[in-house]
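S.K.:
Chains as they are written, first to last, in this note's numbering: chain B, 1 to 281; chain Y, 1 to 293.
Rendered as structure tokens:
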């Protein structure tokens with residue numbers, strides 16, 4: 001019995017090691033490339049011989065006007081944050097109604113949200129490009145926030161409905177017995193209880209906006225609103241003879257840091273959110 | 001209808017209205033507009049031309065070799081990535097489910113590919129495989145001269161690896177959610193009856209997980225059919241590696257041919273609809289059990 005325990009332990013150690021390597025090697029490779037000097041970037045070594053932070057320095061050189069990275073980084077952060085706040089607010093209203101209230105149309109809304117989650121974004125790119133140019137939304141924050149909102153709402157609604165169904169709603173009734181209106185019961189009693197679910201949904205929406213590339217390259221044309229993924233694709237070297245590999249790697253590492261922070265601190269929540277409602281338990 | 005029911009309904013509709021409007025604004029209206037555009041000759045480089053051309057754009061797309069090659073590429077990438085992901089994702093789900101220790105570590109590690117920007121992941125894999133900056137060609141068993149992005153199917157290999165790396169964790173988590181709903185007593189009973197581990201997997205785990213597997217396959221297939229970011233970063237469609245989404249983007253945004261591009265968009269929309277229909281009607285995936293990813 002004890003021997004089997006030791007064998008199991010070894011097998012699991014190997015399995016876990018394989019999984020962790022599978023997940024981390026590409027990320028570590030990016031870190032490695034970002035720390036190499038331009039001369040060493042083609043040496044193919046996994047661990048750089050000399051560590052240099054020049055690639056990082058060059059990203060931020062020249063301040064907001066000259067740097068190819070600072071403005072897109074600000075755009076990414078602001079657009080993702082605004083979208084997250086709006087999406088979570090709207091989704092929380094909807095999810096509350098679906099989890100709590102009886103009304104015709106509930107199933108239609110859920111089915112519609114699911115259909116939008118499957119919708120191919122490329123099918124909306126052409127019309128949005130044309131409409132945004134006519135409306136003056138092309139290459140603006142709002143021009144990206146609107147499609148991000150649409151495509152992140154289904155995710156937010158599903159996660160929030162799943163969380164809201166778990167909340168002890170007797171407390172809400174108790175508040176209503178004590179004279180609170182349905183709206184007061186919602187804001188004073190349910191919102192604090194729902195905060196963990198809301199936070200989870202917010203992380204997932206933020207990751208969604210942070211990740212988008214298709215809308216970002218289709219609906220922007222300059223640093224006025226271009227986000228990091230799009231800016232990365234248009235990075236150029238210092239001269240036309242140098243490859244921007246090092247700068248791209250450094251920028252990629254910088255925008256991966258928030259994701260790693262989320263994952264390290266909130267892994268339980270993210271897993272709960274991703275699998276919320278996956279299978280009716 | 002009582003006063004209370006009526007006010008409850010009114011509140012519910014008021015609460016849902018903003019989200020419903022926001023969702024319709026950027027899907028229903030644009031797809032209708034795309035259909036209108038696809039029936040016209042709209043080329044922003046030649047704004048004076050134009051007018052209703054009926055199904056000419058669709059004929060042009062459906063008779064072009066490029067469309068069918070891109071369709072083949074897209075379906076090929078979709079089928080291979082989803083098949084590999086199903087196997088790897090199942091293995092990963094079993095590791096996470098049965099791990100006697102290190103569960104948190106594994107979960108943290110696999111969430112990093114899920115959370116990372118697709119464009120960033122594509123660059124990481126491109127830098128690893130590129131003959132000048134990469135380390136892959138230095139590995140044993142791989143030719144130092146291998147030009148991964150110089151050929152069609154070697155490019156696909158790298159594209160597929162990057163896609164699999166990025167999206168297997170999501171597949172694994174969906175499968176894990178199905179796995180935890182299985183009653184452990186079934187396994188104990190099967191063990192007592194002398195079933196091997198493989199028999200327990202094929203006779204208990206797989207049949208009971210069918211709904212979770214179908215939903216995971218549906219969401220991942222639709223997602224893989226939209227493949228765009230990775231190809232754009234790695235080859236921009238060179239070496240005949242274009243996907244239908246890249247074709248649509250090139251027509252719409254690079255060439256500003258909104259008529260032809262919209263025809264491509266509408267055709268992609270129809271394909272996605274057919275794939276979803278196949279899963280729901282043909283395979284009996286229960287969508288209420290699904291969730292958007």
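Backbone N, C-alpha and C fix where the C-beta goes; we use that ideal spot for every residue, glycine too.
From a predicted model like this one, the values you see are computed outputs, not experimental measurements.
Please decide whether residue 274(B) counts as near chain Y, where near means a Cβ-Cβ distance under 8 Å.
M.R.: Answer yes: the Cβ-Cβ gap between residue 274(B) and chain Y drops below 8 Å somewhere.
S.K.: Quick check on the burial criterion: 16 or more other C-beta atoms within 10 angstroms. Buried or exposed for residue 216(Y)?
M.R.: The residue in question, residue 216(Y), is buried, as its Cβ has 16 or more Cβ neighbours within 10 Å.
S.K.: For the candidate residues 159(Y), 178(Y) and 11(Y), whose alpha-carbon lies nearest to that of residue 104(B)?
M.R.: Residue 11(Y) is the option with its Cα nearest to residue 104(B).
S.K.: Check the Cβ-Cβ distances between residue 148(Y) and every residue of chain B, and say whether any is below 8 Å.
M.R.: Cβ-Cβ to chain B under 8 Å: no for residue 148(Y).
S.K.: With a Cβ-Cβ cutoff of 8 Å, do residue 204(Y) and residue 178(Y) count as a contact?
M.R.: Contact flag unset, no.
S.K.: So what's residue 283(B) in DSSP terms, helix, strand or just coil?
M.R.: There is no way to answer for residue 283(B), as the model of chain B reaches only from 1 to 281.
S.K.: Since residue 295(Y) and residue 81(Y) are thought to touch, with beta carbons under 8 Å apart, how far apart are those beta carbons, to the nearest angstrom?
M.R.: Any answer about residue 295(Y) is impossible in this case: the structure gives chain Y only from 1 up to 293.
S.K.: Is the number of C-beta pairs between the stretch 53-67 of chain Y and the stretch 142-159 of chain B that are closer than 8 Å three or more?
M.R.: Touching, no.
S.K.: Decide if the stretch 115-135 of chain Y is in contact with the stretch 257-266 of chain B; the criterion is three or more beta carbon pairs, one per stretch, under 8 Å apart.
M.R.: Output reads yes: the stretch 257-266 of chain B touches the stretch 115-135 of chain Y.
S.K.: Jot down the residue ranges of each uninterrupted alpha helix (DSSP H) in the stretch 128-190 of chain Y, minimum 4 residues, whole runs only, in chain order.
M.R.: Complete alpha helix (DSSP H) runs here, min 4: 152-179.
S.K.: Does any C-beta atom of chain Y lie closer than 8 Å to the C-beta of residue 132(B)?
M.R.: Chain Y contact via Cβ: absent.
S.K.: Could you pull out every residue in the same chain whose Cβ sits closer than 8 Å to the Cβ of residue 125(B), ignoring the five residues on either side in sequence?
M.R.: Closer than 8 Å at Cβ, skipping near neighbours: 214, 215, 218 and 219.
S.K.: With a threshold of 7 Å on Cβ separation, who are the neighbours of residue 230(Y) within its own chain once the five nearest residues in sequence on each side are excluded?
M.R.: So the qualifying residues of the chain are 118, 122, 159, 162 and 163.
S.K.: Let me see if you follow: with CB-CB separation under 8 Å, is residue 108(Y) close to chain B or not?
M.R.: True, the Cβ-Cβ gap to chain B drops below 8 Å.
S.K.: Would a C-beta distance cut-off of 8 Å place residue 113(B) and residue 153(B) closer than the cut-off?
M.R.: Contact flag set, yes.
S.K.: Is the number of C-beta pairs between the stretch 80-94 of chain B and the stretch 262-275 of chain B that are closer than 8 Å three or more?
M.R.: Result no; under three Cβ-Cβ pairs closer than 8 Å.
S.K.: Go ahead and pull the three-state DSSP assignment for residue 40(Y).
M.R.: Of the three classes helix, strand and coil, the one that applies to residue 40(Y) here is strand, per DSSP.
S.K.: So, for residue 263(Y): in the same chain, excluding its five sequence neighbours on each side, which residues have a beta-carbon less than 7 Å away from its beta-carbon?
M.R.: So the qualifying residues of the chain are 38, 57, 58 and 61.
S.K.: Residue 103(B) by DSSP, collapsed to three states: which one?
M.R.: DSSP places residue 103(B) in coil when its eight states are reduced to three.
S.K.: For residue 168(B), which residues in chain Y fall below 9 Å Cβ to Cβ?
M.R.: Simply none; closest approach about 20 Å.
S.K.: Below 7 Å between beta carbons is the criterion; list the residues of the stretch 203-219 of chain B that meet it against any residue of chain Y, in chain order.
M.R.: Flagged, chain order: 207, 210, 211, 213, 214 and 218.
S.K.: Can the beta-carbon of residue 109(Y) be found closer than 8 Å to that of residue 24(B)?
M.R.: It is a contact, given that the beta carbons lie within the stated cut-off.
S.K.: For chain B, is any of its Cβ atoms less than 8 Å away from the one on residue 16(Y)?
M.R.: Yes, residue 16(Y) counts as interfacial toward chain B.
S.K.: Could you check whether the Cβ of residue 216(Y) sits closer than 7 Å to any heavy atom belonging to the ligand GDP?
M.R.: As far as ligands go, the structure on display features none, and thus does not contain the ligand GDP.
S.K.: For residue 52(Y), which three-state DSSP category applies?
M.R.: Of the three classes helix, strand and coil, the one that applies to residue 52(Y) here is strand, per DSSP.
S.K.: Suppose contacts are defined by Cβ-Cβ distances below 8 Å. Is residue 16(B) in contact with residue 106(Y) by that definition?
M.R.: Yes; because the gap between Cβ atoms is below 8 Å, this pair is in contact.
S.K.: How many Å lie between residue 137(B) and residue 224(B) at the Cα?
M.R.: Using only the alpha carbons, I get a separation of about 12 Å.
S.K.: Drop a sphere of 10 angstroms on the beta-carbon of residue 191(B), count the other beta-carbons inside from all chains shown, and report buried for 16 or more, exposed for fewer.
M.R.: The residue in question, residue 191(B), is exposed, as its Cβ has fewer than 16 Cβ neighbours within 10 Å.
S.K.: Measuring only the C-alpha atoms, how far is residue 44(B) from residue 130(Y)?
M.R.: Going from the Cα of residue 44(B) to the Cα of residue 130(Y) covers about 10 Å.
S.K.: So is residue 78(Y) in contact with chain B if we call contact Cβ pairs under 8 Å?
M.R.: False, the Cβ-Cβ gap to chain B never drops below 8 Å.
S.K.: What residues of chain Y sit near residue 8(B), judged by a beta carbon separation below 8 Å?
M.R.: In chain order: 100.
S.K.: Does the Cβ-Cβ distance between residue 95(Y) and residue 128(B) come in under 8 Å?
M.R.: Contact flag unset, no.
S.K.: Taking the alpha carbon of residue 198(B) as the reference point, which residue from 246(B), 20(B), 166(B) and 181(B) has its own alpha carbon closest?
M.R.: The shortest Cα separation from residue 198(B) among 246(B), 20(B), 166(B) and 181(B) belongs to 166(B).
S.K.: At least one CB of chain Y closer than 8 Å to the CB of residue 187(B): is that the case?
M.R.: So, not an interface residue.
S.K.: Take the Cβ of residue 246(B) as the centre, count every other Cβ of all protein chains shown within 10 Å, and call the residue buried at 16 or more, exposed below.
M.R.: Its Cβ being crowded by 16 or more others within 10 Å, residue 246(B) is buried.
S.K.: Within the same chain, show all residues whose beta-carbon is closer than 8 Å to that of residue 78(Y), passing over the 5 residues directly before and after it, in chain order.
M.R.: Answer for residue 78(Y): 221, 224, 225 and 227, listed in chain order.
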